[in-house]
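Asker: Mind having a look at this structure? Questions to follow.
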Amino acid sequence: MSDAEFLERLEPLQVALVTTQQWLMETGAKVLIIFEGRDAAGKDGTIKRMIEHMSARSTRVVALPKPSDRERTQWHFQRYAAHLPAAGEVVIFNRSWYNRGGVEPVMGFCTPEEHADFLRDVVPFETMLSESGTHIIKLWLDISREEQARRLEERRTDPLARLKISPLDAVAQEKWDDYTAARDEMLKATHTARTPWYCVRADSKKHARLAIISHVLHQLACPKLESQVPEASSELLFKFTAKALKEGRLAD
């Protein structure tokens, strides 16, 4: 897809986001969008395009650093709870409490018991949030091993991407299989009818960004949109099922 075609398709989606956010503010809705995925899967770029024209006062992007010594002694969800949306707000978590479902067990940043406790507790926690009026949208951005390697190398050689470099990048490829196993366990344990996971095949950044914004608009279902938002292709974005793993729809 050319840059010109991408921008042509992006603009009406961004207009729809503005209209939708006006409606969310009027109705006092609370929206939480969770972005998870492999390193270099495109979370930052997608979020940037999504919020480009949204209200800075009513939109917050939360990307927390590693926990402090004090935070490590707290309930795992505690430092995230402070950032949950109030009425009329859209909060986007660029990584979230699901760190404990992926990077932490893979890298040894939590104990096996803490990992098991998280998988046990996260569904009732999210159910409580949902029942109290928070609309939760969970997105898993998935890329192939080859595409991740290409993007990580590009990140290392691009001076404008230096701030994206993380110590975890160095082992992302080495621990690919461990991350795959953690992803599969996490998705199977935390996908529910009330707070489902939607998976995005994100090897193409442009197609993934358009699909994600379209999906968010369909999930929020603003009645004031003047034109119909195109559906994302089910080959590109789909609701998680265990069958998707068996069929190889997610990278292994």
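Counted from 1, the sequence shown has number 65 at position 70 by my numbering; the numbering is strictly sequential. Ideal Cβ positions, reconstructed from N, Cα and C, are used throughout, including at glycine.
1) Can you list, in chain order, the residues of its chain whose CB lies under 8 angstroms from that of D198, leaving out five sequence neighbours each side?
2) How is L27 classed by DSSP in three states: helix, strand or coil?
3) Excluding the 5 residues preceding and the 5 following L163 in the sequence, name in chain order all residues of the same chain whose CB lies nearer than 8 angstroms to its CB.
4) Would F1 and K201 qualify as a contact pair, given that the criterion is a beta-carbon distance under 8 angstroms?
5) Would you kindly check if the distance between the Cβ of L27 and the Cβ of P100 is under 8 angstroms?
6) Indicate whether the contact test is met: 3 or more Cβ pairs, each with one atom in the segment 16 to 26 and one in the segment 78 to 94, closer than 8 angstroms.
7) Helix, strand or coil for L136, going by three-state DSSP, please let me know.
8) Determine the DSSP secondary structure at T190, reduced to helix, strand or coil.
9) Quick one: what's T54 bridged to in DSSP?
10) To the nearest angstrom, how far is it from the Cα of L155 to the Cα of L245?
11) Would you mind stating whether S209 and V224 have Cβ atoms separated by less than 8 angstroms?
12) Quick one: residues in its chain with C-beta nearer than 6 angstroms to the C-beta of A177, no 5 flanking neighbours on either side, listed in chain order?
13) Identify, in the order they occur along the chain, each residue of the same chain with its Cβ nearer than 7 angstroms to the Cβ of K234, setting aside the five sequence neighbours on each side.
14) According to DSSP, is R90 part of a helix, a strand, or is it coil?
15) Using 8 angstroms as the threshold, is the C-beta distance between R115 and C105 below it?
16) Flag this pair as yes or no: are the beta carbons of V86 and R55 separated by less than 8 angstroms?
17) Compare the Cα-Cα distances from S222 to each of E3, S(-3) and V10 and report the closest residue.
18) How about Q168 and A144: do their beta carbons lie closer than 8 angstroms?
19) Buried or exposed: L158, going by 16 or more other Cβ atoms within 10 Å of its Cβ?
20) Is H32 buried or exposed, if buried means 16 or more other CB atoms sit within 10 Å of its CB?
21) Between the Cα of R4 and those of G37, Q17, K38 and R44, spot the shortest distance and give me the residue it belongs to.
22) Give the secondary structure of I208 by DSSP, where H, G and I count as helix, E and B as strand, and everything else as coil.
23) For I160, list the residues DSSP reports as bridge partners.
Answerer: Walking through what the data contain:
1) Here the set comprises I138, S139 and E142.
2) In the structure shown, L27 sits in a strand (DSSP, three-state: E or B).
3) Result list for L163: D34, V98 and M102, in chain order.
4) Yes, Cβ-Cβ distance for F1 and K201 is below 8 angstroms.
5) No. Outside cutoff.
6) Counting C-beta pairs closer than 8 angstroms gives three or more between the segment 16 to 26 and the segment 78 to 94, which meets the contact rule.
7) Correct three-state label for L136: strand.
8) If DSSP states are grouped into helix, strand and coil, T190 belongs with coil.
9) Assignment of beta-bridge partners to T54 by DSSP yields V85.
10) If you take the alpha carbons of L155 and L245, they lie about 30 angstroms apart.
11) Yes, the pair counts as a contact, with Cβ atoms nearer than the cut-off.
12) Taken in chain order, the residues that qualify are G97, P100 and V101.
13) Same-chain partners within the cutoff: P191 and Y193.
14) Here R90 sits in coil by DSSP.
15) It is not a contact, given that the beta carbons lie outside the stated cut-off.
16) Yes.
17) Among E3, S(-3) and V10, the Cα nearest to that of S222 belongs to V10.
18) Yes, these two residues count as a Cβ contact at 8 angstroms.
19) Exposed, by the Cβ-count rule.
20) A quick correction: the sequence has Gly, not His, at residue 32. The residue in question, G32, is buried, as its Cβ has 16 or more Cβ neighbours within 10 Å.
21) If we check each option's Cα against that of R4, R44 comes out closest.
22) Note: I208 maps to helix in three-state DSSP.
23) Note: I160 sits in no beta bridge, so no partner.
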